[in-house]
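Peer 1:
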Amino acid sequence: MDFVSLPEQFKLPILKKLHWRDLNNLKLTCKDLYFTVVKNIGKLDRPKVGYLKIYYSEDKILGVDYQSMHHRSTLGTGIIYHVEFCDDHEYDIFLKDKIFTEIRKLVLENVTSGEIINVENIASFMGETLNVYNFNISLSSRTLRSVDMNILRTGKVGIPYNDILIKKESLGKIGLFKKDGCRSIIKKITMDVVTGNSMLEYGNTSTDPDKPISIQITDQLCELGFFDFKNRCDIGGFTFKICWGNESDILEENFYRELYDKVELSINSIKNFDITYYPHLVSLNCSKCSRKHTNFINYDKSQKNLRIILH
Numbered sequence: 001m002d003f004v005s006l007p008e009q010f011k012l013p014i015l016k017k018l019h020w021r022d023l024n025n026l027k028l029t030c031k032d033l034y035f036t037v038v039k040n041i042g043k044l045d046r047p048k049v050g051y052l053k054i055y056y057s058e059d060k061i062l063g064v065d066y067q068s069m070h071h072r073s074t075l076g077t078g079i080i081y082h083v084e085f086c087d088d089h090e091y092d093i094f095l096k097d098k099i100f101t102e103i104r105k106l107v108l109e110n111v112t113s114g115e116i117i118n119v120e121n122i123a124s125f126m127g128e129t130l131n132v133y134n135f136n137i138s139l140s141s142r143t144l145r146s147v148d149m150n151i152l153r154t155g156k157v158g159i160p161y162n163d164i165l166i167k168k169e170s171l172g173k174i175g176l177f178k179k180d181g182c183r184s185i186i187k188k189i190t191m192d193v194v195t196g197n198s199m200l201e202y203g204n205t206s207t208d209p210d211k212p213i214s215i216q217i218t219d220q221l222c223e224l225g226f227f228d229f230k231n232r233c234d235i236g237g238f239t240f241k242i243c244w245g246n247e248s249d250i251l252e253e254n255f256y257r258e259l260y261d262k263v264e265l266s267i268n269s270i271k272n273f274d275i276t277y278y279p280h281l282v283s284l285n286c287s288k289c290s291r292k293h294t295n296f297i298n299y300d301k302s303q304k305n306l307r308i309i310l311h
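Using UniProt numbering, read the sequence shown as starting at 1 and increasing by one per residue.
(1) Out of 89, 9 and 121, point me to the one whose CA is closest to residue 190's CA.
(2) Below 6 Å CB to CB, which residues in the same chain sit around residue 136 once its five sequence neighbours on both sides are set aside?
(3) Tell me whether residue 101 is buried or exposed, calling it buried when 16 or more other Cβ atoms sit within 10 Å of its Cβ.
(4) Would you mind reading off the limits of the alpha helix (DSSP H) that contains residue 215?
(5) Determine the burial state of residue 144: buried for a count of at least 16 other Cβ atoms within 10 Å of its Cβ, exposed for fewer.
(6) So, for residue 60: in the same chain, excluding its five sequence neighbours on each side, which residues have a beta-carbon less than 6 Å away from its beta-carbon?
(7) State the beta-bridge partners of residue 295 as determined by DSSP.
(8) How big is the Cα-Cα spacing for residue 250 and residue 301?
(9) Assign residue 94 to one of three DSSP states: helix, strand, or coil.
(10) Where do the N-terminal and C-terminal ends of the beta strand (DSSP E) with residue 109 fall, by residue?
(11) From residue 26 to residue 4, what distance separates their C-alpha atoms?
(12) Between which two residues does the alpha helix (DSSP H) harbouring residue 101 extend?
(13) Residues in its own chain within less than 6 Å of residue 50 by CB, not counting five upstream and five downstream?
(14) Within a Cβ cutoff of 8 Å, which residues of the same chain sit near residue 195, ignoring the five residues on either side of it in sequence?
(15) Less than 8 Å between the CB atoms is what I'm expecting for residue 240 and residue 293, so what's the real figure, rounded?
(16) How close, in whole Å, do the beta carbons of residue 138 and residue 148 come, if the pair is a contact with beta carbons under 8 Å?
(17) Report buried or exposed for residue 183, applying the criterion of at least 16 other Cβ atoms within 10 angstroms of its Cβ.
(18) Is it the case that the Cβ atoms of residue 280 and residue 298 are separated by a distance below 8 Å?
(19) So which of 244, 245, 232 and 193 has the shortest CA-CA distance to residue 287?
(20) Using the beta-carbon count (16 or more within 10 Å), is residue 212 buried or exposed?
(21) Tell me whether residue 218 is buried or exposed, calling it buried when 16 or more other Cβ atoms sit within 10 Å of its Cβ.
(22) Just curious, the alpha helix (DSSP H) that residue 190 is in, first and last residue?
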């Protein structure tokens, strides 16, 4: 009995050993193998996408640019492919044929408004005892960059998305196709990268047009306990910087007042609590891990930037 005539359950173990390029060639040899590969594509080897740019307008995914991890050692090198979609079904097929769990750069462009969200894992620093991952997230138009964020995070983190979470339905649920949807998306993506968990719900994902995006993200960090020293041993090190151009802002004294109204520092139960440089710098000697934990928070309205360092 030849390979084509084998029952499907006997073909699969062999097909699983093949590289995705060989699978693509194999499925073109005959109809039976084509349908076997297509039917079981989720179980077989597929190209890993390192760069993905999604073009959309109103409620439609129009097309993508993408680059395979097989063709790239660094961003900006290798072949970039462009695919256009006639309907949602074609986009779904594109997602099923590839693996998106190791994306290094994700771009979402609204071709109508010109708004662009750019998310990039720009570097990873591997030490003997500590790994640090560096992310850049920005929101811009064709002429102006309105929000620019940088995140340094310890621990194993990446852009936490797969073919399910970049489906049209999933993107729609977090507001991509809504008015002012870019700000909703950039808030969600930022928190996903910070927490390393894209499945978390962050209260009301929609944005308040009267509240700056920097304040919204700070509020979410508060709600998740990032500023609470009781959680610091588990959360680990974290540095966050956001700069804004045409975004709204608030007075510095109002920022600190509202922030520390929300942060529960448990001062009465903590020894060696240092508030010498309050409100910018607060630290304590942790009895749990014997390390000094620090909250450094600097909001500068004149320079239009916010810097948060937690360790």
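Every residue, glycine too, gets a C-beta built ideally from N, C-alpha and C.
Peer 2: Taking the definition as stated:
(1) In terms of CA proximity to residue 190, 121 leads the group 89, 9 and 121.
(2) Residues of the same chain with a CB within less than 6 Å of the CB of residue 136, apart from the 5 flanking positions on each side, are 120, 122 and 150 in chain order.
(3) That one is exposed.
(4) 213 to 223 is the extent of the alpha helix (DSSP H) around residue 215.
(5) Classified as exposed, residue 144 has fewer than 16 neighbouring CB atoms from the shown chains inside 10 Å of its CB.
(6) So the list is empty, once near-sequence residues are dropped.
(7) Answer by DSSP bridge pairing, in chain order: 282 and 310.
(8) Computed Cα separation, rounded: 7 Å.
(9) Three-state DSSP puts residue 94 in a helix.
(10) Note, residue 109: beta strand (DSSP E), 105 to 110.
(11) If I take the Cα positions, the gap works out to 11 Å.
(12) Taken as a continuous stretch (DSSP letters only), residue 101 belongs to no alpha helix (DSSP H), as it is neither H nor E.
(13) Around residue 50: 67, 69, 72 and 104.
(14) The beta carbon of residue 195 sits closer than 8 Å to the beta carbons of 224 from its chain, once the five residues preceding and following it are set aside; these are given in chain order.
(15) By a beta-carbon distance limit of 8 Å, residue 240 does not contact residue 293. Their separation comes to about 16 Å.
(16) So it is a contact: roughly 5 Å between Cβ atoms.
(17) Its Cβ being crowded by 16 or more others within 10 Å, residue 183 is buried.
(18) When the beta-carbon positions are compared, residue 280 and residue 298 come within less than 8 Å of each other.
(19) For the residues 244, 245, 232 and 193, the minimum Cα distance to residue 287 belongs to 232.
(20) Buried, because 16 or more other Cβ atoms sit within 10 Å of the Cβ of residue 212.
(21) So residue 218 counts as buried.
(22) 181 to 195 is the span of the alpha helix (DSSP H), which, as asked, contains residue 190.
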